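In the numbering used here, the protein residues as written are 181 to 275.
We put the beta carbon where it would ideally sit given N, CA and C, even for glycine.
Because the structure is a prediction, the values reported are computed rather than measured.
Working notes, beginning with the structure itself.
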Amino acid sequence: MYRCEIVSNKSVEDDIKEALEQYIPGILYTTIPLAYGRGGDDYKLGTSTWPETNFVLVTYVEDKDLPMVKAVIKGTKEKFNREGIKLFVVKAEEL
Numbered sequence: 181m182y183r184c185e186i187v188s189n190k191s192v193e194d195d196i197k198e199a200l201e202q203y204i205p206g207i208l209y210t211t212i213p214l215a216y217g218r219g220g221d222d223y224k225l226g227t228s229t230w231p232e233t234n235f236v237l238v239t240y241v242e243d244k245d246l247p248m249v250k251a252v253i254k255g256t257k258e259k260f261n262r263e264g265i266k267l268f269v270v271k272a273e274e275l
């Protein structure tokens, strides 16, 4: 099992969720709808100076589903190549 954490521009949230649900039927996830921070060379602070924001999606997937999560994020990055989209993956164990 893997923990997948996606941090992305709020503007592509629906695209990511829809693709995950389409390609991994029954996927379960939690979203943190509003995340502020700095990535690379810009800020996402929800202010008048830095108006954009991010969201965070966390899901735990079985080993067999990890390649599809990676493919969904890769495809979304290709489609929206100017948006910040990051995927972080760590091995997880349910206790």
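Query                                                                                                        : Result
Bridge-paired residues (DSSP) for SER188                                                                     : PHE235, ILE265
Candidates GLU185, SER191, MET181, ILE186, of which the one nearest GLU232 by Cα                             : SER191
Inter-residue spacing [alpha-carbon to alpha-carbon] between ASP194 and GLY220                               : 23 Å
Residues near ALA199 in its chain [Cβ-Cβ closer than 8 Å; skip 5 each side]                                  : VAL252, GLY255, THR256
Between the CA atoms of LYS271 and PRO189 - distance to the nearest angstrom                                 : Note on identity: in this sequence residue 189 is Asn, with Pro being the wrong assignment. So the alpha carbons of these two residues sit roughly 25 Å apart.
Same chain, Cβ closer than 6 Å to GLY264, five either side skipped, listed in chain order                    : ASN189, GLY219
LEU237, buried or exposed, once every other Cβ within 10 Å from all chains shown has been counted against 16 : buried
Three-state class that DSSP yields for PRO213 in the structure shown                                         : strand
Buried or exposed (CB count within 10 angstroms, at least 16 for buried), PHE268                             : exposed
C-alpha distance - TYR240 paired with ALA215, whole-angstrom precision                                       : 20 Å
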